[in-house]
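S.K.: Attaching a single structure in structure tokens format; questions to follow.
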Amino acid sequence: MKISTKGRYGLTIMIELARNNGNGPMSLKTIAKENNLSEHYLEQLIAPLRNASLVKSIRGAYGGYVLAKEPINITAGDIIRILEGPITPVEGIEEEEPAKQELWIRIRDAVKNVLDTTTLEDLSTYGEKGVQDPYMFYI
418 MKISTKGRYG LTIMIELARN NGNGPMSLKT IAKENNLSEH YLEQLIAPLR NASLVKSIRG
478 AYGGYVLAKE PINITAGDII RILEGPITPV EGIEEEEPAK QELWIRIRDA VKNVLDTTTL
538 EDLSTYGEKG VQDPYMFYI
């Protein structure tokens with residue numbers, strides 16, 4: 418399974434909106450500039466996020482976008498599914514032998530579990546809480 422720029426940039430938009438949560442609307446121009454991304458491309462990605470009620474648009478001179486829900490109530494899985502479609506590591510696993518079928522299902526379930534248990538709150542505050550690498554052991 419490969420996450421395209423749609424999913425990656427969509428996560429970027431949502432993380433920036435989560436970091437700005439409670440401070441009013443944020444423009445795509447600001448997000449694009451701060452992350453060195455194409456504003457035009459971000460405009461294409463925001464529509465499905467708005468249609469899925471993850472973001473709200475605010476019109477006017479100081480308009481932009483805000484999250485429609487609290488960051489703790491939006492998962493990375495929500496965003497990826499909207500922009501990328503279903504999470505599947507391999508197409509057509511029905512024709513695979515049972516051992517390989519089981520492997521693909523376990524991989525899919527592991528990826529889904531990580532995406533569905535990682536919230537925008539987690540992503541937007543990463544590093545602020547003194548998070549250390551979970552695989553690093555100190556003696």
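For what it's worth, our numbering labels the leading residue of the sequence shown as 418, then goes sequentially. For every residue, glycine included, the Cβ atom is placed at its ideal position computed from N, Cα and C.
Could you round the C-beta distance between L471 and Y426 to whole angstroms and report it? I think they count as a contact, below 8 Å.
M.R.: That belief does not hold up - the Cβ atoms of L471 and Y426 are roughly 14 Å apart, past 8 Å.
S.K.: My understanding is that I497 touches L532, with C-beta atoms under 8 Å, so please give their C-beta distance in whole angstroms.
M.R.: Indeed, because the Cβ distance is near 6 Å, the residues count as touching under 8 Å.
S.K.: With L484 and I475 assumed to form a contact (beta carbons below 8 Å), what rounded beta-carbon distance in angstroms separates them?
M.R.: Between I475 and L484 the Cβ distance is about 12 Å, and since that is not below 8 Å, they are no contact.
S.K.: Can you list, in chain order, the residues of its chain with a C-beta nearer than 7 Å to that of S541? Leave out the 5 residues immediately preceding and following it.
M.R.: Once the five neighbours on either side are set aside, the close Cβ partners of S541 are I432, A435, R436 and P488.
S.K.: Going by other Cβ atoms of all chains shown within 10 Å of its Cβ, with 16 needed for buried, is Y482 buried or exposed?
M.R.: Y482 should be labelled buried.
S.K.: Going by the DSSP bridge assignment, what does S455 pair with across the sheet?
M.R.: Per DSSP, none; premise fails for S455.
S.K.: Please report the Cβ distance between G480 and P442, rounded to the nearest whole angstrom; I am assuming they are in contact, meaning their Cβ atoms lie under 8 Å.
M.R.: 5 Å between Cβ atoms; contact.
S.K.: Expressed to the nearest angstrom, what Euclidean distance is found between the alpha-carbon atoms of E568 and W521?
M.R.: An answer regarding residue 568 cannot be provided, because it is not within the stretch 418 to 556 covered by the chain.
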